[in-house]
Amino acid sequence: SSLTRGRVGASAALAGSYGIDQNWRISASARYVTGFNEVWAQVKPEFQMNNGLRLGITASGSVGDDYEIVRSSLTAGNYSHDFRWLGEVYFSAEAGFEYNIDTGDSGPFGGLHIGFRY
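Each residue of the sequence shown is one higher than the one before, counting from 1 in our numbering.
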């Protein structure tokens, strides 16, 4: 699999978001990664709660040299905490289902995403 070999690449990305109303927005993004020859795209409608937390549904797909994967997931994000010694840390999480078009394999997946702002 191209995911297990060591490689270096650069990526180009395009992202956008459209606010439907005060609480709803839809975002979309796409990325190409050289060296991996990977294309990735996603679309996500989100609802923003009164406390700032965003809940969404994501549909995404990625295509590489030897894989084609589609995913759907539930997401929660836009939560942050200011750590005195680390700066502001952003958290989001997702849980869903993925299907490998090439092999027919499928199963659950989850992720925790962490970002920093100094």
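C-beta atoms are modelled at their ideal positions from N, C-alpha and C, and glycine is treated no differently.
These figures come from a predicted structure and were not determined experimentally.
For residue i: DSSP bridge partner residues
| i | result |
| --- | --- |
| R84 | In the DSSP output, where bridge partners are listed per residue, R84 has none listed. |
| L74 | I57 and A95 |
| F116 | V89 |
| R7 | Beta-bridge pairing links R7 to no other residue. |
| N100 | I69 |
Residues near residue i by beta carbon distance below 7 Å, same chain, minus five either side
| i | result |
| --- | --- |
| G104 | none |
Classification of residue i by the beta-carbon crowding that lies within 10 angstroms, buried from 16 upward
| i | result |
| --- | --- |
| T34 | exposed |
| I20 | exposed |
Supposed contact pair residue j and residue i - C-beta distance, whole angstroms, cut 8 Å
| i | j | result |
| --- | --- | --- |
| V124 | Y32 | Summary: the structure shown does not reach residue 124, with the chain confined to residues 1 through 118, and so no result is reported for it. |
| G56 | Y90 | With 8 Å as the limit, G56 and Y90 do not qualify as a contact, their Cβ atoms being about 15 Å apart. |
| F109 | G96 | 6 Å |
6 Å Cβ shell around residue i - same chain, five flanking residues per side excluded
| i | result |
| --- | --- |
| S92 | G77 and H113 |
| A15 | S29 |
| A10 | T34 |
| R54 | E46, Q48, G77 and N78 |
| G111 | E94 |
Where residue i falls: helix, strand or coil (DSSP)
| i | result |
| --- | --- |
| A13 | strand |
| I26 | strand |
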